[in-house]
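Visitor:
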Amino acid sequence: MPQGSETAKARGSGEADDEVAFTIPDPRITESSGLALSPTHDGVVYTHNDSDAGPTFFALGPKGATRATFTLRGAQARDWEAMAASKDPETGRGVLWFADIGDNFDGAWPDISVYKVMEPATVRDAVLPAVRYRFRYEDGGHNAEGIMVNPRTGRLYVVTKQFAGAIYAAPRRLSASRTNVLRKVGSAPIMATDAAYAPDGSSFVVRTYFSATVYKALDKPLTRVPMPALDQAESIAYTGDGKALLVGSEGANSPVYRVPLPENALPTPTPTPTPSTSEPLLEAADGETVAADPPGGITGTDVLLWLAVATGATGVITIIARKSR
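The C-terminal position of the sequence shown is numbered 1336 in my numbering, with every residue numbered one higher than the one before it.
Here it is as structure tokens:
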């Protein structure tokens, strides 16, 4: 967790414990669309801009200042919307994932891409090689703004941003030479803007413009967490100890809030689970079984809220849809 944070009540969250962890003063970072803590460098948080900014990401220090700028060699940045961090189980090196998954027309692109980058050993400006994985959804195109990587299994998930959002699992073994198929394995809240796994893999979180939902498994919500009122709520990540969330926004000099998790959503390390006969199973893209639990994550309140917004502020929704990149 970054040090030197400034305590401040989160606007609109109603939670006095929320605090501004840091702000992002770099004038080049005006559309921070993804956040991830470094798996190996203490106090470092990575972020990247939205579309039209090039395949570049930034390493931020504890107070938000840019420590290094990295460019991905041979990569494209059509609509970068999210990132995730994990560790290579064999080498212990950090692995960074950048998701070029935005599609405001829900099918305009024949495929989407996620870039895998080995985390640099030193925090200084560099050009880094990246592996590009192409994906397509099993059921047609979708707009998406969230990815997450399960630290226990290494599996990548994409979370769509739609009124009937969903979570899609990538194959356990990704291919860089052919298009990988994403298969639906769970539901997601309405208009999800990001997602992240807890460091111990015991839970994951999906955020929207208004709140975040912590899940203990696919379609098994644990609790809902109010979010700070941000200009363009985009990103979410766990702190290193798994006891709080970092949430960010687009915009110049944007704040990143630290939001404590309620007690029932705190880390509960358990052995890596195995499929049981009590849980229905879905087939992942490569034939591996993935637990699929009863539906959840979308409430009547969500539906009423979004219907009200759609009815009374159509213009606002249109602007948000065009800006959601």
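Glycine residues also receive a C-beta, built at the ideal position from the N, C-alpha and C atoms.
How long is the line joining the alpha carbons of Pro-1266 and Ala-1244, rounded to whole angstroms?
Guide: 11 Å
Visitor: Going by Cα to Cα distance, which pick from Thr-1224, Pro-1036, Pro-1066, Tyr-1268 is closest to Ile-1201?
Guide: Thr-1224
Visitor: Beta strand (DSSP E) containing His-1059: first to last residue?
Guide: 1056-1059
Visitor: How should Val-1138 be labelled, buried or exposed, when 16 other C-beta atoms within 10 angstroms of its C-beta is the threshold for buried?
Guide: By the 10 Å Cβ count, Val-1138 comes out exposed.
Visitor: Please report the straight-line C-alpha distance between Glu-1261 and Ala-1209, rounded to a whole angstrom.
Guide: Straight-line Cα distance between these residues: approximately 23 Å.
Visitor: Sort Val-1236, Arg-1039, Gly-1105 by Cα distance to Glu-1130 and report the nearest one.
Guide: Gly-1105
Visitor: Go ahead and pull the three-state DSSP assignment for Ala-1132.
Guide: Ala-1132 falls in the coil class under three-state DSSP.
Visitor: So, helix, strand or coil for Glu-1101, using DSSP?
Guide: coil
Visitor: Can you tell which of Gly-1165, Tyr-1126, Ser-1043, Asp-1053 has the C-alpha that lies nearest to the C-alpha of Glu-1101?
Guide: For Glu-1101, the nearest C-alpha among the options comes from Gly-1165.
Visitor: To which residues of the same chain is Thr-1171 closer than 6 Å at the C-beta, ignoring the five residues directly before and after it?
Guide: His-1153, Ala-1155, Ala-1177
Visitor: Going by the CB atoms, is the gap between Tyr-1249 and Ala-1199 shorter than 7 Å?
Guide: The answer is no: Cβ separation not under 7 Å.
Visitor: Which first and last residues belong to the beta strand (DSSP E) in which Gly-1045 is found?
Guide: 1045-1048
Visitor: Need the endpoints of the beta strand (DSSP E) that Ala-1181 sits in, please.
Guide: Ala-1181 -> no beta strand (DSSP E), and no H or E assigned at all.
Visitor: Could you say which of Thr-1204, Ala-1255, Pro-1121 lies nearest to Thr-1219 if we only look at CA atoms?
Guide: Thr-1204
Visitor: Report buried or exposed for Pro-1121, applying the criterion of at least 16 other Cβ atoms within 10 angstroms of its Cβ.
Guide: exposed
Visitor: Given Tyr-1168, which residues of its chain have a CB within under 6 Å of its CB, disregarding the five upstream and five downstream residues?
Guide: Met-1159, Ile-1178, Ala-1180
Visitor: Can you tell me where the beta strand (DSSP E) with Lys-1231 in it begins and where it stops?
Guide: 1231-1237
Visitor: Using CA atoms only, rank isn't needed, just tell me which of Thr-1133, Arg-1145, Ala-1110, Asp-1150 is closest to Gly-1118.
Guide: Asp-1150
Visitor: Can you give me the start and stop residues for the beta strand (DSSP E) that Arg-1194 sits inside?
Guide: 1191-1198
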